[in-house]
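Reading through the structure tokens given below for one structure.
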Amino acid sequence: MKHIYPFKSKVSNEQRKEQMLQESQLVWFTGLSGSGKSTLALRLEHYLFHRGHKVFLLDGDNVRNGLNRDLGFSADDRKENIRRVAEVAKLMVDAGLIVVCAFISPYAEERELVKQIVGESRFMEVFVNCPLAECEKRDTKGLYAKARQGIIKDFTGISAPYETPLLPDLEVKTGEEAIGESLLKLIEFVEPRVTMQEKMDAAF
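Here the sequence shown is numbered in UniProt numbering, starting from 1 and rising by one per residue.
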């Protein structure tokens, strides 16, 4: 079998960082369906973009409708879904972008896989903590009701487990906090980590 050598770009990560004027990072949101992951991810992307950052959001809808439309919702397919997302996010981070991802990603093993693929120093895990009862109240699509009725199988929080992150980089409690309060915590945590030190120094 012919050995395939890894592709090596002539443009270094440091050169991309200098051109982009930012630290490329993956911000990974995890939490139950209805916890507020997508809302916070959208608002973070909007904020960073208007602050001049090069940022892109990946979530279940824009990935499942294209790249991963061949995958179902079995345990193996869900794991493959997260692996593919991580590989795409890695390429985007390698390109110098800030990538925001909002996926339930219920298993610690999956989230650790994402971290290993992208690189620990370029990965931020944000746990969107919201009680199951509150998530069910917010369920505009009726997914929890269908899961309770057995119509949807292996639904996270009902018929499939969610493994709570033990040491997330940031935890926001959307069951207790207004969305604006959670967003402010998020911005205060993320923005210094994606802003180049030179730009921070110039601001003072």
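No residue lacks a Cβ here, since even glycine has one placed at the ideal position from N, Cα and C.
Keep in mind the model is a prediction, meaning the values are calculated, not measured.
Inset, instruction - Under 7 Å Cβ to Cβ from His53, same chain only, skipping five residues before and after it: list those, please. - result: These residues qualify, in order along the chain: Gln22, Ile98 and Val194.
Inset, instruction - Could you check what DSSP says for Lys115 in three-state terms: helix, strand or coil? - result: Lys115 sits in a helix when the DSSP states are folded into three classes.
Legend entry - Residue span of the alpha helix (DSSP H) that contains Cys135, given as start and end: Where Cys135 is concerned, the enclosing alpha helix (DSSP H) stretches over Leu132 to Lys137.
Legend entry - CB contact flag (residue 218, Ile117, <8 Å): The structure shown has nothing for residue 218, since the chain only spans 1 to 204.
Inset, instruction - Indicate whether the contact test is met: 3 or more Cβ pairs, each with one atom in the stretch 118 to 134 and one in the stretch 10 to 27, closer than 8 Å. - result: Segments in contact, yes.
Inset, instruction - Please report how far the alpha carbon of Val114 lies from the alpha carbon of Val128, in whole angstroms. - result: Each residue's alpha carbon lies about 17 Å from the other.
Inset, instruction - List the residues that DSSP assigns as beta-bridge partners of Leu44. - result: According to DSSP, which records beta bridges pairwise, Leu44 is partnered with nothing at all.
Inset, instruction - With residue 232 as the anchor, note down where its beta strand (DSSP E) starts and where it stops. - result: As displayed, the chain neither begins before 1 nor continues past 204, which places residue 232 out of reach and without an answer.
Inset, instruction - Report, in whole angstroms, the separation of the C-beta atoms of Ala133 and Ala41, which I expect to be a contact under 8 Å. - result: In fact, because the Cβ distance is near 23 Å, the residues do not count as touching under 8 Å.
Legend entry - Residue burial classification, Ala147 (beta-carbon count within 10 angstroms, cutoff 16): With 16 or more other Cβ atoms within 10 Å, it is buried.
Legend entry - For Gln149 and Leu57, the rounded distance between their alpha carbons: Distance between the alpha carbons of Leu57 and Gln149: 33 Å.
Legend entry - Own chain partners of Tyr162 with C-beta closer than 7 Å, once the 5 adjacent residues on each side are dropped: Hits under 7 Å: Leu32, Pro106 and Thr156.
Inset, instruction - Assign Lys37 to buried or exposed, taking buried as 16 or more other Cβ atoms, counted over all protein chains shown, within 10 Å of its Cβ. - result: Per the 10 Å Cβ criterion, buried.
Inset, instruction - Would you mind reading off the limits of the alpha helix (DSSP H) that contains Val11? - result: It is not in any alpha helix (DSSP H) - Val11 carries neither H nor E in the DSSP assignment.
Legend entry - Cβ-Cβ separation, Ser9 to Cys130 (assumed contact under 8 Å), whole Å: Rounded, the Cβ-Cβ distance is 41 Å, inconsistent with contact.
Inset, instruction - Have a look at Glu14 and Ile152 and give me their C-alpha separation to the nearest angstrom. - result: Rounded to whole angstroms, the separation of the alpha carbons of Ile152 and Glu14 is 46 Å.
Inset, instruction - Report the rounded CA-to-CA distance for Asn65 versus Phe73, giving the unit in angstroms. - result: About 13 Å.
Inset, instruction - To the nearest angstrom, report how far apart Ile104 and Asn68 are at their CA atoms. - result: Asn68 has its alpha-carbon roughly 16 Å from the corresponding atom of Ile104.
Inset, instruction - Tell me whether the beta-carbon of Leu44 lies closer than 8 Å to the beta-carbon of Val93. - result: The answer is no: Cβ separation not under 8 Å.
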